[in-house]
Structures are given as C-alpha cells and as structure tokens.
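One structure is given here, and the rest of the page talks about it.
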Amino acid sequence: MNVSIDQLVKSLLQKESLEQCSLPELTAFAESNPYFGAAQLLLAKKIQTELPEKFEEQYQKTLLYFHNPLWVEHLLNETGSALIHHPPKEDTAAPAPVKEPVAEILQPEEPVLQEIPEPVAPEMITQQKPEEIMLPAAIETPAPQPQVSASGANELSFEPYHMVDYFASQGIRFKEEDKPSDEFGKQLKSFTDWLKTLKRLPVTELGNAISAQAEQKVEQMAGQSITEREILTEAMAEVWEKQGNTLKAIGIYSKLSLLEPAKSPYFAAKIEALKKKN
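The sequence shown begins at 336 in my numbering and counts up one residue at a time.
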C-alpha cells in the first residue's frame, strides 16, 4: 500500500486506491493534462505494476516534471510498511560505591629562626683622577698641488679631422673635366670651395677672410631662399574642381601649361572640359 499515491488518487480521481483505476483511464487523464506532473506520476506508478517493460520510458518522462528525482523515486517505491528496530536493552548494573578520600589534617611546622648577618661597613672607594695623556701635535703636511704641463700651450701636432677631405682619403680625386658647366653647379662648387677655405682659416682670421663680394652673394642666396613662391600642382586644381570653384581650377591649369609646355595640350583639354561644365 502506497499512502502518498492513494492520497493523490482520492484528490484527483475520487477513488480509494490506484488499483481501482485502469491504465487507459490514467493515460487519458495524463493526455488531457499534459503539463500536470501528478498525472504523469500516477501513470508511471500504474505502468510500473502492470507493464514493467514500458516503465523506464514513462519514468524518464516523469522526472522532467519534478525538481527532486529522489523524491519521485521514493513515491514510486514506497510500500507503506516500515520495520521498526528496537535497540536491545542493556543491563545497567548499580554503580559501585566510591570511597571518599579522607582529608589529612596537616599541622603547620614551627618556623626556623635564621640568623641575619650584620651589615659590613662599606669600604671607602677613592676615585683616581684619569691621567692626562699628552698627544703630539699633528704634523700638517701640505696637499700635493697638481702640476700643469706646459705642453697644453703647444699647438696640435696633427691636422683636425674636419679639415681632411673625405673623398680624397677614399681615393676619389676631382678632375678638371668633371667641373660643372651649368650655372647652378658653378655656384654650388664655389660655395663648397668657400666653406673649405673658411674651415682651414684660424678663428682670428675669419673676419678678414670674408670679402664684400662673398657677403653680397650670401645675402642674395638668403633672400632667394625666403621668397614666397606659389606652389602649383594638378592635385590642387582637382581639389578646386571638386569644391565647385572652376575659375581657380582653370587658372591653375593655365599656369601649369606655361610651366610645363610639353603637357600644354593635356591642360588645355582640362580647361575646355571645365568650361563646358559651366
């Protein structure tokens, strides 16, 4: 007899026990209530008693409806009868009387008088004055003075490294026929020669070596280096064209055609295309 299963049968099917319910009846009840775990539990118990070969399938399905599989196992295997084991009674013997220890009365011993020795008179301790030890005066020795060598004032016995011609040291010699023929090459050559001369001169003679013509040439070169030159490129014209400013793009193409005569037909075609767009 399974008390828990019978209580479910009474409350759900209004019958006294599970034996009064048929297997088709419980199957129909479980199918009509597919989300009811108690119906699946009653069907599993009925299949366990009548169709044991199909019990495992229904048992695994029933476990899906409950969080505690041990409790489902207990409900399906509960028989309702329990054996009560009584532990054997042990014979308790009367406790043996315990002898109380007899307290012994101890009498205090008489105190023994000890002789106190008389104090000894302290000896007079005389403090001796420490003898003064005369140390000899420290001999002051003069610190050694660094000797300044007179060779520092002499001139260098070798040529400074910045005055050595690197190309000459590597075996590269300048030939007369290799002199530059264009104007820029001549200016560059004269400038490099002037730098070599300037490096070879002592510092005191630098001011006298610079002539008025050299100063004028340096000023002219410096003035040309800082002059503002308009930079014209095809990319700039394309940027103006994309921004919708065709007049500036046409102007840049016109200047480029003058700067690069070989590409003037190409720039002329660009200008005509821009004019057609307008």
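Glycine is no exception: its CB is placed at the ideal position from the N, C-alpha and C atoms.
### Query
Does DSSP classify serine 592 as helix, strand or coil?
helix
### Query
Given a threshold of 16 other Cβ atoms within 10 Å of its Cβ, counted over all protein chains shown, does tyrosine 394 qualify as buried or as exposed?
buried
### Task
Give the DSSP-derived three-state secondary structure of tyrosine 370 in the structure shown.
coil
### Query
Considering leucine 410, what are the terminal residues of the alpha helix (DSSP H) in which it resides?
404-412
### Query
Between isoleucine 587 and proline 596, what straight-line distance do the alpha-carbon atoms span, to the nearest angstrom?
14 Å
### Closest by C-alpha distance to leucine 289, when choosing among Leu594, Asn368, Trp575, Lys598
No answer is possible for residue 289: the residues shown for the chain start at 336 and end at 613.
### Message
Measuring only the C-alpha atoms, how far is phenylalanine 371 from alanine 365?
### Response
7 Å
### Message
For the ligand ADP, I want to know if lysine 611 counts as a neighbour, meaning its beta carbon is within less than 7 Å of at least one of the ligand's heavy atoms.
### Response
By its list of ligands, the structure shown contains no ligand whatsoever, and the ligand ADP lies outside what it can speak to.
### Message
Can you tell me where the alpha helix (DSSP H) holding proline 314 begins and where it ends?
### Response
Absent from the structure is residue 314, since the part of the chain shown begins at 336 and ends at 613.
### Query
According to DSSP, is leucine 343 helix, strand or coil?
helix
### Task
Please confirm whether leucine 398 and leucine 378 have their CB atoms less than 8 Å apart.
no
### Message
Quick check on DSSP: helix, strand or coil for glycine 586?
### Response
helix
#### Entry: Residues near serine 592 by beta carbon distance below 6 Å, same chain, minus five either side
Ser599, Phe602
### Task
Would you tell me roughly how many angstroms separate the C-alpha atoms of lysine 552 and aspartate 528, rounded to the nearest one?
14 Å
### Query
Is the beta carbon of alanine 570 sitting closer than 8 Å to the one on alanine 584?
no
### Query
In three-state DSSP terms, what is aspartate 517?
coil
### Cβ-Cβ separation, leucine 376 to valine 344 (assumed contact under 8 Å), whole Å
About 11 Å; that fails the 8 Å criterion.
### Query
Excluding the five sequence neighbours on either side, which residues of its own chain have a C-beta within less than 7 Å of the C-beta of alanine 473, listed in chain order?
With a pLDDT of 46 at alanine 473, under the threshold of 50, the modelled position of that residue is not reliable, and the figure given next carries that caveat. Nothing listed; no residue qualifies.
### Query
Can you give the Cα-Cα distance for serine 357 and glutamate 388, rounded to whole angstroms?
18 Å
### Message
I'd like to check one pair, alanine 373 with leucine 347: are the Cβ atoms closer than 8 Å?
### Response
yes
### Beta-carbon gap between isoleucine 606 and serine 589 smaller than 8 Å
yes
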